[in-house]
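Note that the working numbering gives residue 61 to position 61 of the sequence shown, counting from 1, and the numbers run on in steps of one.
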Amino acid sequence: MIRKGFAVNYLPLKTYTSMDVGTGTEPVQDYDATTDVYYPDRALSPLVLTPVVGYSDPNDGTEVPNAAASLTDGHWYRLDNSTSGQLDSTTEIKSGTTYVIDTLVGSATYGRISIGENVKPNNPVTYVFRATLTHPNGERKLVEMRHQARSNAVATIPTLSIDNATEVMYNPWGSEDVIAFNPILRPDISGTTYLWESLHGTTWGEVESTLLDWAVSKSGNGVKVKQSVMQDRIDLRCTASIPVAGGGNLKETVAVSIVRRLPKYTPKLYGVVNVTPDVKSISPRAQIEVDGIVRTDLKGELDIVWYNAAGAVVGRGLNPVIPLSALGGVYDIGFDDVDQGGWKALTDDQGRFILSDGKLILVKKPN
């Protein structure tokens, strides 16, 4: 009898791997470079990765779709633009606060990792899991899975507005005296600063840096304007300096204009009648109507100037007493209603401001 021994050559296992991204986990983040905000924020919504290892045994036809319980010696690694690309101690992830790893051998989720790390744009992070799969027949295989996390750079362009109208008509006979303008930034970004400037001639300068800003004052991030002492027009602008991630500032500007303008009114003349020879003076009356309502107090905004037939000034005011002798023998009289305009700074004959205790002297239009 001739005999010869032989052995069974087992065919190697056929393994397959994948990475399961947790339900409800956004695999790609958005990063807003303006507000320095991530969505989702991994600190609040961690990225959960579960290595999936399965195998089929060609020797007996068995199939194991989840072989996590047969994994041992599992290690996670983190690779990005700053690392060497080697899977070693310099890139290995340890379970702790930022990364929580299931290291329980025999667990159905062995190797699962919860990642509380935000990934910056242009620097994607690749998470690598390696472990050893051991078959009941003693066969051992090294398995490896990878997942890349990345961010899209987006930008929220903030909008700057004012909590009041930006074009205001000031009616000295009806508008409020003090009006405020405050900036509104949406979204509100921490660290934003606001600069208010006023226009004089063709030059912009910071509010309160010139005596010409007598009607304007800073108030928090905004300004207040005392319209009852304003010039004919005030032009302002607010510039928001908005810090952006990575340094630098984004600037947004909004302009405000306030224009003094009397409302439409109707002038009328009363009190002029024929007189007897013994009358020495007359008392004509000017009447100013606004929307059918007679204004008894012009608040110095109109100068009522009376003239005789020769064009000479003979009186002022709504109801002056005028001697007949001032009419030059021609019994004819009339008045002009002169808008005095806004307030002005008193200057000398060389255009220099005249000051009193360091302050401007304000006047209406000279009579």
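For each residue, glycine too, the CB sits at the ideal point set by N, CA and C.
Predicted model only: the values in this text are computed from it and were never measured.
inquiry  = Taking contact to mean 3 or more Cβ pairs, one atom from each stretch, closer than 8 Å, check whether the stretch 133-141 and the stretch 9-22 are in contact.
reply    = Counting Cβ pairs under 8 Å, three or more are found: they touch.
ask   = What span of residues does the beta strand (DSSP E) with N308 cover, start to end?
value = Segment L302 to N308, the beta strand (DSSP E) holding N308.
query = In the structure shown, what three-state DSSP assignment does V368 receive?
reply = Outside the shown range of the chain (1 to 367) lies residue 368, about which nothing can therefore be said.
inquiry  = Along the chain, where does the beta strand (DSSP E) containing N118 start, and where does it finish?
reply    = Careful: N118 lies outside any beta strand (DSSP E) and carries neither H nor E.
Reference T35; option with closest CA among V363, V64 and A245 = Nearest of V363, V64 and A245 to T35, Cα basis: A245.
query = Looking only at its own chain, which residues have a Cβ that is under 6 Å from the Cβ of D235, when we skip the five neighbours before and after it?
reply = Contacts found: L199 and S257.
Backbone CA spacing between G74 and G54 [nearest angstrom] = Each residue's Cα considered, the two are about 15 Å apart.
request  = Using the Cα positions of T253 and G222, report the straight-line distance between them to the nearest angstrom.
outcome  = Taking the straight line from one Cα to the other gives about 13 Å.
inquiry  = Can you give me the C-alpha to C-alpha distance between Y127 and V21, rounded to a whole angstrom?
reply    = Going from the Cα of Y127 to the Cα of V21 covers about 12 Å.
query = Below 8 Å, can you find three or more Cβ-Cβ pairs linking the stretch 287-294 to the stretch 153-169?
reply = Of all C-beta pairs linking the stretch 287-294 to the stretch 153-169, fewer than three are shorter than 8 Å, placing the two stretches out of contact.
ask   = Are the beta-carbon atoms belonging to S281 and P323 less than 7 Å from one another?
value = Cβ atoms of S281 and P323: closer than 7 Å.
inquiry  = Quick check on the DSSP output: what are the complete beta strand (DSSP E) runs of length 3 or more inside the stretch 116-162, in order along the chain?
reply    = Whole beta strand (DSSP E) segments, 3+ residues: 125-134, 140-154 and 159-162.
key: Meets three-Cβ-pair contact criterion under 8 Å: the stretch 355-364 and the stretch 325-345   = A contact exists between the stretch 355-364 and the stretch 325-345.
request  = Could you have a look at N367 and say whether DSSP puts it in helix, strand or coil?
outcome  = Any reading at N367 is ruled out, since the residue's pLDDT is 47, under 50, leaving its predicted position unreliable.
ask   = Should G5 be labelled buried (16 or more other beta-carbon atoms within 10 Å of its own) or exposed?
value = Note on G5: under 16 other CB atoms within 10 angstroms of its CB, so exposed under the neighbour-count rule.
inquiry  = Taking the straight line between their C-alpha atoms, what separation do you get for P27 and A153?
reply    = Approximately 15 Å, taken between the alpha carbons.
query = Does the beta-carbon of L269 have 16 or more other beta-carbons within 10 angstroms, so that it is buried, or is it exposed?
reply = Answer is exposed; the Cβ neighbour count stays below 16.
task = Would you tell me roughly how many angstroms separate the C-alpha atoms of M19 and Y31, rounded to the nearest one?
result = Between M19 and Y31, the alpha-carbon positions lie close to 24 Å from each other.
message = Does L79 come out as helix, strand or coil in the three-state DSSP assignment?
response = For L79, the three-state secondary structure derived from DSSP is strand.
query = Between I242 and I184, is the Cβ-Cβ spacing less than 7 Å?
reply = Taking 7 Å as the Cβ cut-off, I242 and I184 do not qualify as a contacting pair.
message = In whole angstroms, give me the CA-to-CA distance for P320 and P263.
response = Whole-angstrom Cα-Cα distance: 24 Å.
message = Can you confirm whether P51, when its beta carbon is compared against all beta carbons of chain C, has any partner nearer than 7 Å?
response = The chain labelled as chain C is not found in the depicted structure, where only one protein chain is given.
query = Any contact of the stretch 324-334 with the stretch 348-361, i.e. 3+ C-beta pairs under 8 Å?
reply = Flag = no, the stretch 324-334 and the stretch 348-361 do not touch.
Residue closest to Y99, alpha-carbon to alpha-carbon, out of T109, I113 and T210 = Among T109, I113 and T210, the Cα nearest to that of Y99 is on I113.
ask   = For the beta strand (DSSP E) that T50 lies in, which residues bound it at each end?
value = Looking at the DSSP string, the run of the beta strand (DSSP E) that includes T50 is L47 to S56.
Cα-Cα separation, R78 to V52 = Distance between the alpha carbons of R78 and V52 is about 18 Å.
task = Rank Y331, W76, I93 and Q29 by C-alpha distance to the C-alpha of V275 and give the top, closest one.
result = Cα-wise, what sits closest to V275 is Y331.
message = Beta-carbon within less than 7 Å of I354's beta-carbon, same chain only, minus the 5 sequence neighbours each way: which residues are those?
response = Excluding five sequence positions before and after I354, the CB atoms of its chain that fall closer than 7 Å to its own CB belong to L346, T347, D348 and I361, given in chain order.
inquiry  = Beta-carbon within less than 8 Å of R233's beta-carbon, same chain only, minus the 5 sequence neighbours each way: which residues are those?
reply    = Residues S257, I258, V259, R260 and G342 of the same chain have their beta carbon placed closer than 8 Å to that of R233, with the five preceding and five following residues left out of the count.
inquiry  = Excluding the 5 residues flanking E208 on each side, which residues of the same chain have their C-beta closer than 8 Å to its C-beta?
reply    = Contacts found: V216, S217 and K218.
ask   = Where N367 and A33 are concerned, what is the direct C-alpha to C-alpha distance, given to the nearest angstrom?
value = Low local confidence applies: a pLDDT of 47 at N367 is under 50, so the model's placement there is unreliable, and no value is given.
inquiry  = How far does the beta strand (DSSP E) with F181 in it extend, from its first residue to its last?
reply    = It spans V178 to F181 - the beta strand (DSSP E) in which F181 sits, taken as one unbroken run.
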